[in-house]
Structure formats: C-alpha cells, structure tokens
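Chemist: The sequence shown begins at 1 in UniProt numbering and counts up by one.
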Amino acid sequence: MTRPADPGHGGEPGHARVQVDDQGIATLTITNARSLNVLSTPVIEDLRRALAGLRARAGVRVLVMRGSGEKAFIAGADIDEMAGLDGASGRAFISRLRALCDDLRDFPAPVIARLAGWCLGGGLEVALSCDLRIGGAGSRYGMPEVRLGIPSVIHAALLPRLIGASRATWLLLTGEDVDAATALDWGLIQKLAEPGELDAAVDGAARGLAALGPEAVRQQKRLLRSWEDVPLSQAMDESVTAFGEAFATGEPQRFMRAFHDRRR
C-alpha cells in the first residue's frame, strides 16, 4: 500500500509529491513543472526540501525519482529563467542545481531514476546523480547546452567516467541526443524496459533492493561514493573496515542463516 509522506513545514511542496509504501519504497515525483518537468528555482527548492524530509524519515529503503507523465523525466533547466541571468545569478542558479544533484548522490538509500521521454541537460545531470537508471523504450538523452550558448557543467563531469571520454566529448560538444538503445549501449542507463513495461521494471528493481538488508545496501552505496575519490589501496582499507562493521548490524547473521535454511 502506498501512502503520502507525513506533511512537513507548511505541507507537501508544490512541485514535489512524495509517497512511501509499506516496504519502504519512496517515490518522489516532480509536479507542476510544465509538461516537460523543467527545473526552475522553485522546482529545485521544493525537490530539495522533499529529499531532506525523506532523508530524515526512518524506514526509507529505496527512492524512485520520476517526472510527471510520460513526455519527459526532466527536459532540462528552465530556459525562461536562465535567459535573465547574469554572471552572479547564473552561478547561484547552477549552484542550486548542483546541490539538488548532490542531495541525490548523497541520499543514504539507493536512488532509481525512472526515465520516460526526454532526459536533457540538467535532467540528465539529475539522472546521472541517481544510482540506477532505467529507461523507457522511447526515451532520449542529451546535453544540448552548447546550442544555447552555455557549457554543460556540474554533474556532466560524471560523463567521461561513466561512458568514456570519446562518447562524452561527442554528447557535450555536438549537443546531439541519443535514443534509448544507444544510451543502454553507452552505459547512460543500466536497463532498458520493454515497451509499456517501464513501471514494472522500476517496481521490480525497487522491490528487489527493498528486500535486501538496508544497512548493507547503505554501506555499499557509501563505499561506492568513497571509491570515486580515493586511491585503490585506501578504498580497499575502507572496505575491510566496512566489512567488519557489517557484522555489528546483525544483518549478515540473519541473511546467511536464511541462506543455509533454504539450502537445507
């Protein structure tokens, strides 16, 4: 059963709808952001408030990030707002978007991006900030900022390590978009749903994660983030520490006992 999250200060934000089901699967939906879910300052701020509330909420095991409707996950930042920016306000705007992406990368539980329709510019940066990306059959992906006179920045920096320097250079310099099959081949998305099966694919992945030990999954996410920034030897040292800490949670004993029971 899915239920709304407890209202926070002043109730649920106007651009973010939060639902949490009985398995601890939370869904954060962008709302009232035009038909293509564009990221204006109010949308970004409401999403950040919703994420802060979910972060503080006990029992959230998985977060699904999605846009309203099927036309787009997020079709980019609000061009009407950006057209009026200057140097200082431009830095402030992109810093807010960076903070939203960082909130997703640092969210303690795994985050799944449900990618229907267009996923462009800032929307692709938001998707790249999620741990798992599941695309719909007709979804398309691109970084068209150079066609608007600006560079792709902040979490576009993840692209070379995710899809390789050559493919990242093509996307960022040409501003062209790619179809879902290409996105899967390149590693922009990790799974491509069959036509009409996007919700089933996302739900299956979310329920699979929710069935795992929550502390082990959160440990693994923390390690993945840490490994991005440290030398290999330090990553291994941190892994040894995390492995020992896992046994203090009781999860290894419970899951291993269940494994042996199934074998018997």
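In this text, a Cβ means the ideal position worked out from N, Cα and C, and glycines have one as well.
Restricting to runs no shorter than 4 residues, where is the alpha helix (DSSP H) found entirely within the region 150 to 234?
Modeler: 159 to 163, 165 to 174, 180 to 186, 198 to 210 and 214 to 227
Chemist: According to the Cβ coordinates, are G24 and R61 closer than 8 Å?
Modeler: Going by C-beta atoms, G24 is nearer than 8 Å to R61.
Chemist: For residue 266, count neighbouring Cβ atoms within 10 angstroms of its own Cβ and tell me buried if that reaches 16, exposed if not.
Modeler: The structure shown has nothing for residue 266, since the chain only spans 1 to 264.
Chemist: Going by beta carbon distance, what residues of the same chain come within less than 7 Å of L171, once the five residues before and after it are set aside?
Modeler: G142, M143 and L159
Chemist: Just checking, does the region 190 to 201 make contact with the region 124 to 143 on the three C-beta pairs under 8 Å criterion?
Modeler: Contact annotation: the region 190 to 201 touches the region 124 to 143, with at least three C-beta pairs closer than 8 Å.
Chemist: Quick one: residues in its chain with C-beta nearer than 6 Å to the C-beta of G59, no 5 flanking neighbours on either side, listed in chain order?
Modeler: G24
Chemist: Would you kindly report the start and end of the unbroken alpha helix (DSSP H) that includes V62?
Modeler: V62 -> not in any alpha helix (DSSP H); beta strand (DSSP E) instead, spanning V62 to G67.
Chemist: Which first and last residues belong to the beta strand (DSSP E) in which T27 is found?
Modeler: Unbroken beta strand (DSSP E) run through T27: I25 to I30.
Chemist: Would you list the residues sitting across from residue 270 in a DSSP beta bridge?
Modeler: With the chain covering only 1 through 264, there is no way to say anything about residue 270.
Chemist: Sort S89, A109 and C130 by Cα distance to L100 and report the nearest one.
Modeler: C130
Chemist: Whether or not the region 209 to 220 and the region 150 to 165 are in contact is what I'm after, with contact meaning three or more pairs of Cβ atoms, one per stretch, closer than 8 Å; do they touch?
Modeler: no
Chemist: Could you check what DSSP says for A20 in three-state terms: helix, strand or coil?
Modeler: Looking at the sequence itself, residue 20 is Val, so the reference to Ala does not match. Of the three classes helix, strand and coil, the one that applies to V20 here is strand, per DSSP.
Chemist: Could you pull the start and end residues of the beta strand (DSSP E) that A72 belongs to?
Modeler: A72 to I74
Chemist: Who are the Cβ neighbours of E70 in its own chain at under 6 Å, not counting the five residues just before and after it?
Modeler: These residues qualify, in order along the chain: A116 and G117.
Chemist: Going by C-alpha to C-alpha distance, which of R264, I74 and R55 sits closest to N32?
Modeler: I74
Chemist: Helix, strand or coil, according to DSSP, for A77 in the structure here?
Modeler: Under the three-state reduction of DSSP, A77 is assigned to strand.
Chemist: Rounding to the nearest angstrom, what Cα-Cα distance links A52 and M256 in this structure?
Modeler: 34 Å
Chemist: Just to confirm my understanding: we take D46, look at its own chain, exclude 5 residues before and 5 after, and list those with CB closer than 7 Å. What are they?
Modeler: P13, G14, H15 and A16
Chemist: Per DSSP, R140 forms a beta bridge with which residues?
Modeler: W118 and D179
Chemist: What residue range does the alpha helix (DSSP H) around A50 cover?
Modeler: Secondary structure note for A50: its alpha helix (DSSP H) is the uninterrupted segment T41 to R55.
Chemist: By the three-class DSSP mapping on this structure, what secondary structure does T249 have?
Modeler: coil
Chemist: Quick one, which of R98, T41, L104 and F247 has its alpha-carbon nearest L28's?
Modeler: L104
Chemist: Just how far apart, CA to CA, sit R98 and E251?
Modeler: 34 Å
Chemist: Excluding the 5 residues preceding and the 5 following F259 in the sequence, name in chain order all residues of the same chain whose CB lies nearer than 6 Å to its CB.
Modeler: Closer than 6 Å at the Cβ level, and outside the excluded window around F259, lies no residue.
Chemist: What is the DSSP secondary structure of V38, counted as helix, strand or coil?
Modeler: coil
Chemist: For P151 and D261, what's the separation of their Cα atoms in angstroms?
Modeler: The straight-line gap from Cα to Cα measures roughly 56 Å.
Chemist: So what does DSSP say about D6, is it helix, strand or coil?
Modeler: Annotation note: pLDDT 41 at D6 (below 50); position unreliable, coordinate value reported separately. In this structure, D6 counts as coil in the three-state DSSP scheme.
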